[in-house]
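Numbering (the working numbering), first residue to last: -8 to 354.
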C-alpha cells in the first residue's frame, strides 16, 4: 500500500477505516426508491436507505468509517458500498463471506484542471468498475483490468488477482488485509449533474494510468481520487466451501465485474483542507489530520441500520439472492430487480415474471 501511494503524483492523502452499516439489496444511485438488483454491503452514513440523498445523509447521527482506533468521523456522512461476495458451500448451497474491515483512501492524484474548491459537489454520486464485464478487457483510453484487484498475500494465489479476476486456489487468507477486493474510482468529471438515465456518463477514468494519468478532454475536471479496499473474512469459512467457487452477488464468478459506489456526504469545505495547501494531510490514518473531528463516545462498528427489505442474504441459500443467475457471458445481461425474498430468480425483462420464482431458503 505504501508503494501505491508513493507512486501517486502527490503525497496528499488520508485513509478512512470502517465496518459495514448494513447488508441490503438496495442501490440509491441506480435503483432509487425501491429494491435493487443485487445485494450490497454498505459503510459510512448510518441512516443509508433506498431513498438517500445528500440532505438525508447529513442527518445521520453516526458513520461507520473514521480513524483507525475506531472512532467515527463527524464531517463525512458519505455512503459507500460494493456487492457481497459468496462461496459455494460443500453441500452445494451459497454462503456470504463476511467482511472484517474497509480502508478508503482519498488521494490528490492525477493531472489537469482541479475542481475549485477541490471537493465533490453536493449530491454527487458515482460508480467504479463495471458490473457487467466477465473477462479481462483492455479499453481505450483506460485499461479497465487495472480498476479492480483481488489479493491474498499468501501462497499459492499471492498476486494472481492483481489484474481484475479472482485468484485460484484460495481456501483461507488469515494475513492482513485478508482476502482483499480493491477498486479504483474514476475522478474525472464533465461538470454535469448525475443523470439517472445515463448514470455513468458524468465521470471517467484518466487516460492510461487510472490514478495518475491526465483526464480526457470530455471529462476535464479533476476531483479527489478514491481507492477502496474491502477485507473479506474468508478464514471464518475455512473448510466449509469448494475451492474456486467465488461469486459476487451480481452473478459474477470471474471477479472482473466487481464494482463499488460512492454517494457524497462530506460537509462542504472539509476535503479541500485535507487534500490541498499547507494543511493537507499525508497519513495512513485520518485521525492524524487537522480539520476533522471524531465521535469518541462510540466505535464505528456500532453504527448500523436496518435492512428495509428483509430477506436472508447470508445463507445457506439455494442460489444467489434476487434475479442474478451466475454467468460468464461477456458482457453479462442486465437483469431487472425482483422482489425481496426471491432466490435464484431468472434474468427476465419482465419483473412480474421473475417474482414467481421460489423464495424458499436452502435447507
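By construction, the Cβ of each residue, glycine as well, lies at the ideal position given by its N, Cα and C atoms.
{"Asked": "Could you give the DSSP three-state label for residue 48: helix, strand or coil?", "Found": "helix"}
{"Asked": "Using DSSP with H/G/I as helix, E/B as strand and the rest coil, what is residue 171?", "Found": "strand"}
{"Asked": "Report the option in 190, 56, 138, 15 whose CA atom is closest to the CA atom of residue 247.", "Found": "138"}
{"Asked": "What number of angstroms, rounded off, separates the C-alpha of residue 169 from the C-alpha of residue 122?", "Found": "23 Å"}
{"Asked": "Specify the secondary structure class of residue 286 as computed by DSSP and reduced to three states.", "Found": "coil"}
{"Asked": "Counting C-beta neighbours from all protein chains within 10 Å, is the total for residue -7 16 or more, i.e. buried, or is it exposed?", "Found": "With a pLDDT of only 41 at residue -7, under the threshold of 50, the placement of this residue in the model should not be trusted; the figure read from the coordinates follows. Exposed, by the Cβ-count rule."}
{"Asked": "Considering only heavy atoms of the ligand ZN, does any lie closer than 6 Å to the CB of residue 204?", "Found": "The ligand content of the structure shown is nil, which means the ligand ZN is not present either."}
{"Asked": "Hey, would you say residue 397 sits closer than 7 Å to residue 43, going by beta carbons?", "Found": "Lying before the first or after the last residue shown, residue 397 is absent from the chain, which here runs from -8 to 354."}
{"Asked": "Should residue 94 go down as buried or exposed, given a rule of 16 or more other Cβ atoms within 10 Å for buried?", "Found": "buried"}
{"Asked": "Which value, in whole angstroms, describes the spacing of the CA atoms of residue 88 and residue 228?", "Found": "8 Å"}
{"Asked": "Sort out for me which residues DSSP pairs residue 312 with in a bridge.", "Found": "334"}
{"Asked": "If I'm right that residue 120 touches residue 291 with Cβ under 8 Å, what's the distance once you round it to whole angstroms?", "Found": "In fact, because the Cβ distance is near 25 Å, the residues do not count as touching under 8 Å."}
{"Asked": "How should residue 306 be labelled, buried or exposed, when 16 other C-beta atoms within 10 angstroms of its C-beta is the threshold for buried?", "Found": "buried"}
{"Asked": "Quick one: any contact between the stretch 276 to 293 and the stretch 18 to 26, if contact means 3 or more CB pairs under 8 Å?", "Found": "no"}
{"Asked": "Helix, strand or coil for residue 120, going by three-state DSSP, please let me know.", "Found": "strand"}
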